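Engineer:
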Amino acid sequence: MPDFPNKKYQIIYADPPWDYEFGETLSRFVKNKYPLMTFEEICSLPVGSIAADNSILLMWATFPKLEWAIPVMKAWGFNYRTCAFVWIKANKKTNVRQTSFLPVDNLEAFTGMGYYTRSNAEICLLGKRGDALERKRHDIHQIVYEPIQEHSRKPAVVRKNIVKLFGDLSRIELFARQKTEGWDVWGNEV
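Position 29, counted from 1, in the sequence shown is what numbering that gives the first Met the number 0 calls 28; the numbers after and before it change by one each time, with no gaps.
Next up, the structure:
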């Protein structure tokens, strides 16, 4: 992994590469996409060193890793506040602008692996450090209904909504898969 930047950010957006206890075949598939990290490795990242005194962390977690996510926030110097976004995943070819909202009983909803039920949602948790950042908008919805893309890529609308919600503040995406205008990025894929 590259070195962390020598800069302070008010918005930190992260999608940690959680390690999972899958069967052998699925574990190998995920590990071939990008290197995974253990709970201890994720906690030990120096995220607190790049966080401004008053900042927010928006961090993706899957439901099986929810018990890890809040302690990771704490290790990075943030206090959990809420779930900012819930991404309900549609299949790649679904035109979400022309479909009924939340098609939970039809073929438009993506079907993931899951441990007990078939997973098709992911959550983005919000933590804060210091004083809360001022909300610029009060019309940003928690539910995001967007098609899946390549493995682990999150919907671009979430980044846009973060900026709408908090304004054009210093921001970085950790574990980024691509460069995004207006965002600093850190990770082994950019």
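Here a beta-carbon is modelled for each residue, glycine too, at the ideal position from N, C-alpha and C.
Nothing here was measured: the structure is a model prediction, and the numbers come from that model.
If we ignore side chains and look at the alpha-carbon of each, how far apart do residue 90 and residue 150 end up?
Structural biologist: Residue mapping note: residue 90 aligns to position 91 of the sequence shown, counting from 1. Residue mapping note: residue 150 aligns to position 151 of the sequence shown, counting from 1. Residue 90 and residue 150: Cα-Cα distance of roughly 13 Å.
Engineer: Once DSSP output is grouped into helix, strand and coil, what is the label at residue 28?
Structural biologist: On the sequence shown, residue 28 is found 29 positions in, with the first residue counted as 1. Legend: pLDDT at residue 28 = 48, less than 50; position of this residue unreliable, no value from coordinates given.
Engineer: With DSSP collapsed to three states, give me the class of residue 131.
Structural biologist: One-based indexing of the sequence shown puts residue 131 at position 132. DSSP places residue 131 in coil when its eight states are reduced to three.
Engineer: Give me the Cβ distance between residue 56 and residue 11, rounded to the nearest whole Å; I'm assuming they're in contact under 8 Å.
Structural biologist: As a position in the sequence shown, residue 56 is number 57, starting the count at 1. As a position in the sequence shown, residue 11 is number 12, starting the count at 1. Residue 56 to residue 11, Cβ: 5 Å. Contact.
Engineer: Of the residues 77, 184 and 143, which one's Cα is nearest the Cα of residue 131?
Structural biologist: Position 132 of the sequence shown holds residue 131. Of the listed residues, the one whose Cα sits closest to residue 131 is 77.
Engineer: Given a cut-off of 9 Å on the beta-carbon distance, is the pair residue 88 and residue 142 in contact?
Structural biologist: In the sequence shown, the residue the question calls residue 88 occupies position 89. In the sequence shown, the residue the question calls residue 142 occupies position 143. No.
Engineer: From residue 0 to residue 187, what distance separates their C-alpha atoms?
Structural biologist: As a position in the sequence shown, residue 0 is number 1, starting the count at 1. As a position in the sequence shown, residue 187 is number 188, starting the count at 1. If I take the Cα positions, the gap works out to 5 Å.
Engineer: What residue from 160, 177, 15 and 165 has the CA that sits closest to residue 53's CA?
Structural biologist: Locating residue 53 in the sequence shown gives position 54, where the first residue counts as 1. Answer by Cα proximity: 165.
Engineer: Should residue 155 go down as buried or exposed, given a rule of 16 or more other Cβ atoms within 10 Å for buried?
Structural biologist: The count along the sequence shown starts at 1 and reaches residue 155 at position 156. The residue in question, residue 155, is exposed, as its Cβ has fewer than 16 Cβ neighbours within 10 Å.
Engineer: Could you tell me the distance, in whole angstroms, from the CA atom of residue 67 to the CA atom of residue 38?
Structural biologist: Within the sequence shown, the letter at position 68 stands for residue 67. Within the sequence shown, the letter at position 39 stands for residue 38. One C-alpha to the other measures close to 7 Å.
Engineer: For residue 160, tell me which candidate among 175, 138 and 177 has the shortest Cα-Cα distance.
Structural biologist: If you number the sequence shown from 1, residue 160 lands on position 161. The option with the nearest alpha carbon to residue 160 is 138.
Engineer: Is DSSP giving residue 170 helix, strand or coil here?
Structural biologist: The residue given as residue 170 occupies position 171 in the sequence shown. Strand.
Engineer: In whole angstroms, give me the CA-to-CA distance for residue 71 and residue 162.
Structural biologist: For the purposes of this step, residue 71 is taken as residue 72 along the sequence shown, with counting starting at 1. For the purposes of this step, residue 162 is taken as residue 163 along the sequence shown, with counting starting at 1. When rounded, the distance between both Cα atoms is 23 Å.
Engineer: Measuring straight from C-alpha to C-alpha, what distance separates residue 134 and residue 5?
Structural biologist: Start at 1 with the first residue of the sequence shown, and residue 134 comes out as number 135. Start at 1 with the first residue of the sequence shown, and residue 5 comes out as number 6. Each residue's Cα considered, the two are about 26 Å apart.
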